[in-house]
Ligand code: PSU
Ligand code: MN
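In our numbering, the protein residues as written are 2 to 313.
Laid out in structure tokens, this is it:
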């Protein structure tokens, strides 16, 4: 029997059927980005935030040998409490499904799934990008943004990265980076990285229209909507930079590399900031979920949704 492994939760299916707004949510932030039990609370709060705006959340993750699109509350608890969960990027799908691993999907992997099932809007914290000290460590998030027509709402790229190189990559690949009510490229924890943007939108409706027009021409890239972190919790870039530099030094001493780099650096920055950076991280994740749900409300439903079969 052919195994088709996209398992779409009932309320997400309903929303698809009636053309209602849906927001995809990633899960690496749950499995690797935040410690327990904060991770579960955040995952629940993100879903509630999306619902409060009248949209349906679809948290995407790998469990029980299938790609889940939307999780029940029990599944969300299981994912957040998983021991040694896998960090699932594009390369990991086949392996993780065959081994029936429980895993959190990265931005790249979540975009892939969202596009497959016809979800156009996706909220995350910060995307991956070009790492500092390791110019060949480029997150698969960037490559996926260049070829997957999904709108990703984020607070820019994570401050631990080489932000100018990350921006150049996006420009080369033709990915629109739109500032939401800002002219500045945010730096995840900070409202500005000091880099200016040349695209700006001031309302959710405007964002949706720009995205629809971009895709209606046949352009196949993703779109990045960058939303500054809420002012109350934002941290000045200069302050963050000190923690990042120290975290990078420690990463070199500890010999961290590959896909362990991002979770390691985020945890180190949090420790160095005395827990402050995690508060900002959570606030911006919730804010991005809210903006994404508002934008999804203005997107036209897909005219010919792809067919997918469920494993029963
Ligand atoms: N944003 C967060 N916390 C995270 C991530 C993003 O606030 O943990 C995750 C995303 O899933 C992103 C991944 O895709 O980190 C990037 O990892 P890498 O640099 O190995 O591609
Ligand atoms: Mn990497």
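Even for Gly, the Cβ is constructed at its ideal location relative to N, Cα and C.
Burial state of residue 243 (16 or more Cβ within 10 Å): Taking the first residue of the chain shown as 1, we reach residue 243 at position 242. Looking at its Cβ environment, which holds fewer than 16 other Cβ atoms inside 10 Å, residue 243 is exposed.
Element boundaries [alpha helix (DSSP H), containing residue 215]: In the chain shown, residue 215 corresponds to position 214, counting from 1. Residue range 205-217 is occupied by the alpha helix (DSSP H) that includes residue 215.
Residue range of the unbroken beta strand (DSSP E) whose run includes residue 62: By 1-based counting over the chain shown, the position of residue 62 is 61. Residue range 57-64 is occupied by the beta strand (DSSP E) that includes residue 62.
Residue 147 versus 58, 296 and 112, residue with shortest Cα-Cα distance: As a working note, residue 147 is residue 146 in the chain shown. Scanning 58, 296 and 112 for the CA closest to the CA of residue 147 turns up 112.
Closest residue to residue 159 among 300, 275 and 192 (Cα-Cα distance): The sequence position of residue 159 within the chain shown is 158, counting from 1. With respect to the C-alpha of residue 159, the residue from 300, 275 and 192 having the closest C-alpha is 192.
Euclidean distance between Cα positions of residue 308 and residue 20: For the purposes of this step, residue 308 is taken as residue 307 along the chain shown, with counting starting at 1. For the purposes of this step, residue 20 is taken as residue 19 along the chain shown, with counting starting at 1. For residue 308, the pLDDT reaches just 48, beneath the cut-off of 50, and the residue's location in the model is therefore unreliable, although a value from the coordinates is still provided. Each residue's alpha carbon lies about 15 Å from the other.
Contact check, residue 47 vs residue 248, beta carbons under 8 Å: In the chain shown, residue 47 corresponds to position 46, counting from 1. In the chain shown, residue 248 corresponds to position 247, counting from 1. It is not a contact, given that the beta carbons lie outside the stated cut-off.
Secondary structure, alpha helix (DSSP H): runs of 4+ residues fully inside the segment 273-301: For the segment 273-301, the full-length alpha helix (DSSP H) segments reaching 4 residues or more read 277-297 along the chain.
Three-state secondary structure assigned by DSSP to residue 32: What you label residue 32 is simply residue 31 of the chain shown in a count that begins at 1. Three-state result, residue 32: helix.
Residue 89 in three-state terms, based on DSSP: Here residue 89 refers to the residue found at position 88 of the chain shown. Reduced to three states, the DSSP call for residue 89 is strand.
Residue 301 to residue 109 span [Cα, whole Å]: Residue numbering aside, residue 301 sits at position 300 when the chain shown is read from its first letter. Residue numbering aside, residue 109 sits at position 108 when the chain shown is read from its first letter. Rounded to the nearest angstrom, the two C-alpha atoms are 23 Å apart.
For residue 8, the first and last residue of its enclosing beta strand (DSSP E): Along the chain shown, read from residue 1 onward, the residue named residue 8 stands at position 7. Counting along the chain, the beta strand (DSSP E) containing residue 8 begins and ends at 7-9.
Simplified DSSP assignment, three categories, for residue 197: If you number the chain shown from 1, residue 197 lands on position 196. It is a strand residue.
For residue 267, the three-state DSSP class (helix, strand or coil): Looking up residue 267 in the chain shown gives position 266. Three-state result, residue 267: helix.
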